[in-house]
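In this note's numbering, the protein residues as written are 3 to 363. Each remark here refers to the structure printed beneath this line.
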Amino acid sequence: MKHVIVPFFISHQGCPHQCVFCDQRTISGNLGKLPDADELTSRVTLWLSSSALDSLEVAFYGGSFTALPFDTQLALLLPLQPLKQSGKVCSIRVSTRPDALSMDSLQQLRDLGVDLVELGVQSMDDRVLEAAGRGHDASQTVEAFALLRERGFKVGAQLMPGLPGDSAEGAIRSLQEILSLKPDLLRIYPTVILKGTRLAEMYLDGCYQPLTLHEAIRISKVMLHEAATSGVPVIRAGLQPTDELSYGGEIVAGPYHPAFRQLAEGERWYDLLDILFAELESDKSVTLKVPEKRVSDVVGQNRINIRCIEEKYGILVSALNGDTSLENNDFLLSTQQKVIAGNLLQDLGYEGLRPYKKERF
């Protein structure tokens, strides 16, 4: 069933800290003004009519929702109550900090129809959190998960590989610690340096070096793979493209790409191709069948996966077809002699973050 989210941005509202990487207004394309009751209800009604769905989800992004004054939380949530009670709004989610939760505040959120809370975790390494100016430690994230589960909330987590003091191995460890807490969803945001942030000053002073696009994709593909094999959906990888990010000159440096998720998913598929092609011997051509919705990921941007695999093995990919009968991660490779089945969730050899022999993008 198609799922539609109506987003509202409360950029940096309620947050008591200014993290070194943070510029929520640029990230969201929003100047931070909170929506009033009329805007809340009218936008939901408009989205309902344009989507032809009977129900949708409302999400409050940015800021720290549970750190807002309670009157402000009421002003944002009360107008949605008739829509939630009628079933026109099926779910409400908010974002907040791990250290901005209490049993009383969570009970109030439950009473006002909130179903899912996303936590800005960023890292589970206390040294990285301190360097980023987060104002909380990893133990508070663990406590936040416990509090939210106790009150019956679904829980999401946001991670930021590439923060000051972080490493590829550290980012993977943070992911593994979060996966052990069994989140309902994840977001992966490789650190990008935005104009006007403390991180931009650190970069210009030579105190911080961001991940390259190659490094960020190399880390993110492993994070995507570990999450997928754990059954946890990653609902975003890379910042949401906005005009401010793409054209406004707001990015100082870092691994921003408007199709970051596709690049990372393409690398996972390339690694699966690499494993399967290595099993071929005297074959000179193959045909591939992949899930119809994954064709662009398998091919890679500008057909880079196909070009590189043909060059590496000297085998022609004579046809690549999307197949609606295949499950989302399945894959069939056919030659004149045999058919090989693969699955994107199989072991792709990521122990130790297997390095590439050359950069492919």
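Positions of the beta carbon are idealized from the N, C-alpha and C atoms, including for glycine.
Looking only at its own chain, which residues have a Cβ that is under 6 Å from the Cβ of A218, when we skip the five neighbours before and after it?
Here residue 218 refers to the residue found at position 216 when the sequence shown is read from its first residue. Contacts found: P192 and P257.
For the stretch 57 to 68 against the stretch 91 to 100, do three or more pairs of beta-carbon atoms, one drawn from each stretch, fall closer than 8 Å, so that the two count as touching?
The answer is yes - the stretch 91 to 100 touches the stretch 57 to 68, with three or more Cβ pairs under 8 Å.
In terms of residue numbering, what span does the beta strand (DSSP E) encompassing A255 cover?
Your numbering for residue 255 matches position 253 in the sequence shown. I253 to A255 is the extent of the beta strand (DSSP E) around A255.
Can you tell me the Cα-Cα spacing of P166 and P185, whole angstroms?
In the sequence shown, residue 166 corresponds to position 164, counting from 1. In the sequence shown, residue 185 corresponds to position 183, counting from 1. Counting only the Cα atoms, P185 lies some 25 Å from P166.
Could you give the DSSP three-state label for C92: helix, strand or coil?
For the purposes of this step, residue 92 is taken as the residue at position 90 of the sequence shown. Taken through DSSP and simplified to helix, strand or coil, C92 comes out as strand.
Nearer than 7 Å: is that true of the beta carbon of T231 relative to any heavy atom of the ligand MG?
Among the components of this structure there are no ligands whatsoever, and the ligand MG is therefore not found.
If distances are taken between C-alpha atoms only, which option among T47, F62 and A61 comes closest to L55?
As a working note, residue 55 is residue 53 in the sequence shown. The closest CA to that of L55, considering only T47, F62 and A61, is found on T47.
What are the boundary residues of the beta strand (DSSP E) that includes F279?
Here residue 279 refers to the residue found at position 277 when the sequence shown is read from its first residue. Per DSSP, F279 belongs to no beta strand (DSSP E); it is in the alpha helix (DSSP H), F262 to F279.
Cutting at 7 Å between CB atoms, please list the residues of its own chain near S287, excluding the five before and the five after it.
Working through the sequence shown from its first residue, we reach residue 287 at position 285. The beta carbon of S287 lies closer than 7 Å to those of I317, L318 and S320 in the same chain, with the five residues before and after it left out.
Look up V46 in the DSSP assignment and say whether it is helix, strand or coil.
In the sequence shown, residue 46 corresponds to position 44, counting from 1. Per DSSP, reduced to three states, the secondary structure at V46 is helical.
By Cβ distance, which residues of its chain are closer than 6 Å to A133, with the 5 residues on each side in sequence left out?
Here the question's residue 133 lines up with position 131 in the sequence shown. If the five residues before and after A133 are omitted, its C-beta is found closer than 6 Å to the C-beta atoms of P166 and G167, all from its own chain and listed in chain order.
Under 8 Å, do V266 and P212 count as touching if we go by C-beta distance?
For the purposes of this step, residue 266 is identified with residue 264 of the sequence shown, where counting begins at 1. For the purposes of this step, residue 212 is identified with residue 210 of the sequence shown, where counting begins at 1. Looking at the sequence itself, residue 266 is Ala, so the reference to Val does not match. In this structure, P212 does not lie closer than 8 Å to A266 by Cβ.
8 Å contact criterion, which I311 and F262 should meet: CB distance rounded:
Here residue 311 refers to the residue found at position 309 when the sequence shown is read from its first residue. Here residue 262 refers to the residue found at position 260 when the sequence shown is read from its first residue. Separation of the CB atoms of I311 and F262 is rounded to 22 Å, and the pair is thereby denied contact status at 8 Å.
Would Q109 pass as a contact of F72 if the rule is Cβ separation under 8 Å?
Taking the sequence shown and counting its residues from 1, the one referred to as residue 109 is at position 107. Taking the sequence shown and counting its residues from 1, the one referred to as residue 72 is at position 70. No, these two residues do not count as a Cβ contact at 8 Å.
Buried or exposed, going by whether 16 or more other CB atoms sit within 10 Å of the CB of R151?
Locating residue 151 in the sequence shown gives position 149, where the first residue counts as 1. Taking every protein chain shown into account, the CB of R151 has fewer than 16 other CB atoms within 10 angstroms, so this residue is exposed.
DSSP three-state call for F333: helix, strand or coil?
The sequence position of residue 333 within the sequence shown is 331, counting from 1. In this structure, DSSP gives F333 an extended state, which the three-state scheme calls strand.
Where G172 sits in the DSSP three-state scheme
The residue given as residue 172 occupies position 170 in the sequence shown. Reduced to three states, the DSSP call for G172 is helix.
Can you list, in chain order, the residues of its chain whose CB lies under 6 Å from that of N345, leaving out five sequence neighbours each side?
To locate residue 345, count along the sequence shown from 1; it is residue 343. Answer for N345: N331 and D332, listed in chain order.
I'd like the list of long-range same chain contacts for S30, defined as Cβ closer than 6 Å, with 5 residues on each side in sequence excluded.
Residue numbering aside, residue 30 sits at position 28 when the sequence shown is read from its first letter. Confidence at S30 is low in this model, with a pLDDT of 45, below 50, so the placement of that residue is unreliable and no value is reported for it.
Could you give the distance in angstroms between the alpha-carbon of G122 and the alpha-carbon of E171?
Counting from one through the sequence shown, the residue named residue 122 turns up at place 120. Counting from one through the sequence shown, the residue named residue 171 turns up at place 169. In a straight line, the C-alpha of G122 is about 20 Å away from that of E171.
Roughly how far, in whole angstroms, is the beta-carbon of A159 from the beta-carbon of L188, given that I think they are within contact range, below 8 Å?
As a working mapping, residue 159 is identified with position 157 in the sequence shown. As a working mapping, residue 188 is identified with position 186 in the sequence shown. Yes, A159 and L188 are in contact; Cβ-Cβ is about 6 Å, under 8 Å.
DSSP state of L36, grouped into three classes?
In the sequence shown, residue 36 corresponds to position 34, counting from 1. DSSP places L36 in coil when its eight states are reduced to three.
C-beta contact flag for H138 and L131 at 8 Å
Position 136 of the sequence shown holds residue 138. Position 129 of the sequence shown holds residue 131. Contact: yes.
Which of the three DSSP states, helix, strand or coil, is assigned to D73?
Residue mapping note: residue 73 aligns to position 71 of the sequence shown, counting from 1. D73: helix per DSSP, three-state reduction.
Rounded to the nearest angstrom, what separates V341 and I221 at their Cα positions?
Translated into positions along the sequence shown, residue 341 becomes position 339. Translated into positions along the sequence shown, residue 221 becomes position 219. C-alpha separation (whole angstroms): 31 Å.
Measure from the alpha carbon of V234 to the alpha carbon of each residue in C209, L274, L177 and E252, then state which is nearest.
Stepping through the sequence shown from its first residue, residue 234 is reached at position 232. Of C209, L274, L177 and E252, the residue nearest in Cα terms is L177.
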